[in-house]
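Participant: Line by line, the protein sequences are chains A and B. Every position in the first sequence, counted from 1, becomes a number in this note's numbering once 4 is added. Every position in the second sequence, counted from 1, becomes a number in this note's numbering once 12 is added. Before anything else, here's the structure in question.
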Amino acid sequence: MRLLALIDKELRTFLREPALVFVVAYSLLWAPYQAASQFTFELNRYPVAVYDLDQSAQSRAFVDRLRPPYLNVRRVITREREIDTVLERDEASAVIVIPENFSRRLAAGGAASVQVISDGTYTPTSQIAGAYVAGIAQQFLLARQQPASRRGTGLVDARVRIRYNEALISEWYRGLEELFSTIMIIAMLLPAALMVREKEQGTVEQLLVSPIRPWEIMAAKILPMALLTVLGTLGSLGILARAFDMPVRGSLALFIVATMLVVIATGGLGLLIATAARTLPTALIMAFVLHIPISFLSGTITPIEAMPPAQYYLTLLSPYRYYLEIGYGVVLKGAPLSVLWPDLAGLTVLGAAMFAVGAWRFLRQFG
Amino acid sequence: MGSLRRVRAVMHKELAVLLRDRFYLLMAIGFPLVTMLLMGYGMNYDVRNVPLGIADLDGTADSRALTAAFTASGYFRLVTVTRRPRTLDDEMAAGRIRAAIEIPSGMARALAAGRVAAVLVAVDGSFPLRADIARGYAEAIVARFNQDRLATAVLRVPTEAAVPSLTVESRIWFNPTLDSNNFIVPGLLVINLLMWPPVLTSLTVTREKESGAILNVQTAPIAGWEYMLGKLIPYAGISFLSYWLLLACAVGLFHVRMLGSLVALSLGALLFVTATGAIGLVISVLVRTQVAALLATVVVVMVPGMEYSGFAEPISTLDASGRLMSHFFPAADFMFLARGVFLKGFGLAASADSLMRLAAYAAAAVLAATLAFRKRRKR
């Protein structure tokens, strides 16, 4: 009963703190949507310049294939010197050079080549651009040479299918990434903020001399905020699903359980902050800074398999790694519990450990 | 002369606050470094060693050659070999593999008969960027496999005309090894100088509002611009110091070569931290509490700064409204300058345009802070 009264008090405190309400509403409901609508790596009218030295029907046919939606020929270059200026000034991100022997070599059945000079300052986009031009070249060649030239050689036809996100809609990934990353920061911030608020207003002494036990104070800081975070997460998922036609393929119940677990585990970090910070701005900044290593050990920013070994092994100790596996697994892949149980186990064990550390520190300071 | 003394007095007070509170000092110097180190080591856009699963139902020399073509490429790392395609589905759902190949039985027979044999390649699309690159690799590897088969076929029947081929040679300028550090680290330098100075300055005036010390300032015979400059100079100064540390980190730890002019970059950094610091002051003057100031900084400075600064993708790939947005902020210009100096070897002459624009942003931001403060005083 006492606990319920305390929980009621914490919810009221939260609602009276416009800054906190704003943080939760902004970062859970708006930020994932916003992140999903911005910030793309995919090729979308990638600006290229063409330097055609061949000037033949063949080379023009090739240039003709460099068109939207992926590429966009912004400039045609006539002198070699211009390659420099175009790339340096960022007027185009790649220059495609067609050498003068292009059509002659093709006609003679020789090895023709095209050069792609791209601006390596932006590695991800230049990597994809190179792959696209290579793909366009293969299509160009296939369209030219008729099956006759195969002359009975057996060939492998790779039927590449993209799973879970067939159209590679990057909004889904970016929205989810932002949502998962936001959950971590919010779940850490809310309990910390409420406790630090008590310190700032000097009410913490009142709580301590009251018959309320320290663990009850702790539970009252964490449980309502965890509930709030989970509700916000579901709302955000709903918004993403509505706005970008994102499917939720797996079991929502499994997702809710995992989210609840991760939120309570992260509450442990919030308790740590609550013991260290004296003012709300300090707590905010601490949560923000702690959030950076957490993200890097979770796989939101770099997928786990692309991490250097040291970082990879550290992620094995991070509850967030397992949470993300479950998150993407449930939402996009429709993975059932029978596939995800190792991750759920990892999340539970490591999450409990993380919470225990926070609770221990908290009870030592306030117990 | 008198105003110089008043500016110095405000500076003196701010420095005392900064040095006394270890947390603020940590925030000014330590956090940017930590962010840089973690992000520099943690971010990786290279797509190599994609975990791969293979279900080889054919089990012939040809199917093994195709498997070897994938694993030898360096782009895929064989994790699972199975005879049951269902296993691959589960592995992919659990996130243990990102690509799966199913070689149907009878592939070798079809190839020997001169037919086209279909091979199923599945790529996990939950990370679209990486899936897109991995698909490109898979298609290229199979195309190469076919080219080799055609070439050997031509060798066997030398009387026929050769098959034309078309290769695409990729030349990467400014970052020939496509080392993603060269892309990320200069970007992070900019992001850190974008993020931390306004966090620091947005807390300064609000701190005085919360403690009530602002009343002393309101009644003191000090002009708005004197007060603002006194606040700005120590924080811009310490952020500029932090710039040197970040730079040392970029060159010393991440081995990013700096090809262009150090003077141009440093001048740009000084103008940039002045501008971002002053933006923080504008926020600090307009809101009441420190918490509100922090949140406003995140919403007004960091979010648009990250998205429209050209950190992840060139500004030229944004649509028209995005390109317009990028002009409201000094971040895009400094990003262009920083990447230019580091990788493209910009000298002072090539940087002149960006420097001019940064100077204009800095002047405008300082002016805005002064005007905003004056308005508040009259109430």
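Just so you know, even glycine gets a beta-carbon here, dropped at the ideal spot from N, CA and C. All figures in this text were calculated on a predicted structure; none of them were measured in a lab.
1) Between the segment 31 to 44 of chain B and the segment 81 to 88 of chain B, do three or more beta carbon pairs fall short of 8 Å?
2) Could you work out which residues of chain B lie near Asn-169 (chain A), taking near to mean beta carbons separated by less than 7 Å?
3) Against chain B, which members of the segment 296 to 319 of chain A pass a CB distance test of less than 7 Å?
4) Tell me which same chain residues have a C-beta within less than 8 Å of the C-beta of Ala-152 (chain A), skipping the five on either side of it?
5) Ignore the nearest five residues each way along the sequence and tell me which others in Leu-265 (chain A)'s own chain have a CB closer than 7 Å to its CB.
6) Whose CA, out of A:Gly-274, A:Pro-312, A:Phe-366 and A:Ala-39, lies closest to the CA of Ser-174 (chain A)?
7) For Thr-82 (chain A), report the span of its beta strand (DSSP E) as first-last.
8) When you compare each of B:Gly-359, B:Met-240, B:Ala-124 and B:Phe-354 to Val-19 (chain B) by their alpha carbons, which one comes out closest?
9) Can you find the residues in the same chain that come closer than 6 Å, C-beta to C-beta, to Arg-110 (chain B), ignoring five residues on each side of it along the sequence?
10) Spell out whether any CB of chain A is found under 8 Å from the CB atom of Thr-171 (chain B).
11) Could you tell me if Leu-30 (chain B) is buried or exposed, where buried requires 16 or more neighbouring beta carbons within 10 angstroms of its beta carbon?
12) Work out the CA separation of Asp-68 (chain A) and Thr-171 (chain B) for me, nearest whole Å.
13) Phe-195 (chain B) versus chain A: which residues are under 7 Å apart at the beta carbon?
14) According to DSSP, is Ile-173 (chain A) part of a helix, a strand, or is it coil?
15) Fully enclosed by the segment 97 to 153 of chain B, which alpha helix (DSSP H) runs are 4 residues long or longer?
16) So, are the CB atoms of Gly-352 (chain B) and Gly-242 (chain B) less than 8 Å apart?
17) Is the shortest distance between the beta-carbon of Met-39 (chain B) and the beta-carbons of chain C less than 8 Å?
18) Ignoring anything shorter than 3 residues or poking outside the segment 299 to 347 of chain B, list the beta strand (DSSP E) runs there in chain order.
19) Tell me the start and end of each unbroken alpha helix (DSSP H) in the segment 39 to 94 of chain B that is at least 4 residues and wholly inside, in chain order.
20) How long is the line joining the alpha carbons of Leu-180 (chain A) and Phe-340 (chain B), rounded to whole angstroms?
21) Buried or exposed for Pro-195 (chain A), going by 16 or more other Cβ atoms inside 10 Å?
22) Measure the C-alpha to C-alpha separation of Ala-73 (chain B) and Asp-102 (chain B) and round it to an integer number of angstroms.
23) Helix, strand or coil: how does DSSP classify Tyr-50 (chain A) here?
24) Report buried or exposed for Leu-321 (chain A), applying the criterion of at least 16 other Cβ atoms within 10 angstroms of its Cβ.
25) Determine the chain A residues that contact Thr-47 (chain B) at a beta-carbon separation under 9 Å, and present them in chain order.
26) Counting only the same chain and skipping the five closest in sequence on each side, list residues whose C-beta sits under 8 Å from that of Arg-391 (chain B).
27) Under a three-way DSSP split, which group does Ala-115 (chain A) fall into?
28) Using a threshold of 8 Å, state whether the C-beta atoms of Tyr-50 (chain A) and Thr-129 (chain A) are closer than that.
29) Determine the burial state of Met-5 (chain A): buried for a count of at least 16 other Cβ atoms within 10 Å of its Cβ, exposed for fewer.
30) Would DSSP call Arg-183 (chain B) helix, strand or coil?
31) Measuring CB to CB, does Val-268 (chain B) end up less than 8 Å from Val-197 (chain B)?
32) Per DSSP, which one or two residues make a beta bridge with Asp-123 (chain A)?
33) So, is the C-beta of Val-131 (chain B) closer than 8 Å to a C-beta in chain A?
34) Measuring only the C-alpha atoms, how far is Gly-86 (chain B) from Ala-146 (chain B)?
35) Comparing C-alpha positions only, which one of A:Arg-178, A:Arg-83, A:Ser-185 and A:Glu-209 sits nearest to Gly-371 (chain A)?
36) State the start and end residues of the unbroken alpha helix (DSSP H) segment that holds Val-335 (chain A).
Facilitator: Judging by the given coordinates:
1) no
2) Gly-137, Ser-138 and Pro-140
3) Ile-296, Pro-297, Phe-300, Ile-305, Thr-306, Pro-307, Glu-309, Ala-310, Met-311 and Gln-315
4) The predicted model places Ala-152 (chain A) with a pLDDT of 47, which falls under 50 and marks its position as unreliable; any figure quoted below should be read in that light. For Ala-152 (chain A), same chain residues with a beta-carbon under 8 Å away, outside a window of 5 residues either side, do not exist.
5) Leu-351, Thr-352 and Gly-355
6) Residue A:Ala-39 is the option with its Cα nearest to Ser-174 (chain A).
7) No beta strand (DSSP E) holds Thr-82 (chain A); DSSP gives it neither H nor E.
8) B:Met-240
9) Val-62, Pro-63 and Asp-136
10) Unreliable positioning characterises Thr-171 (chain B) in this predicted model, as indicated by a pLDDT of 49, which lies under 50. The coordinate reading is nonetheless provided below. For Thr-171 (chain B), the answer is no, since every Cβ of chain A falls outside 8 Å of its Cβ.
11) buried
12) Interpretation of Thr-171 (chain B) is limited by its pLDDT of 49, a score under 50 that renders its predicted location unreliable; no figure is taken from the coordinates.
13) Thr-125, Tyr-126 and Thr-127
14) If DSSP states are grouped into helix, strand and coil, Ile-173 (chain A) belongs with coil.
15) 97 to 105 and 119 to 124
16) no
17) Of the chains in the structure shown, none is chain C; the protein chains are A and B.
18) none
19) 43 to 54 and 73 to 83
20) C-alpha separation (whole angstroms): 28 Å.
21) buried
22) 27 Å
23) Here Tyr-50 (chain A) sits in strand by DSSP.
24) Counting of Cβ neighbours within 10 angstroms places Leu-321 (chain A) among the exposed residues, the total staying below 16.
25) Val-293 and Ile-296
26) A caution first: Arg-391 (chain B) carries a pLDDT of 48, below 50, which makes its placement in the model unreliable, though a value can still be read off. Cβ neighbours of Arg-391 (chain B) beyond the five flanking positions: none.
27) strand
28) yes
29) exposed
30) strand
31) yes
32) Bridge partners of Asp-123 (chain A): B:Trp-185.
33) yes
34) Between Gly-86 (chain B) and Ala-146 (chain B), the C-alpha separation is close to 12 Å.
35) A:Glu-209
36) That residue, Val-335 (chain A), is in no alpha helix (DSSP H); it is neither H nor E in DSSP.
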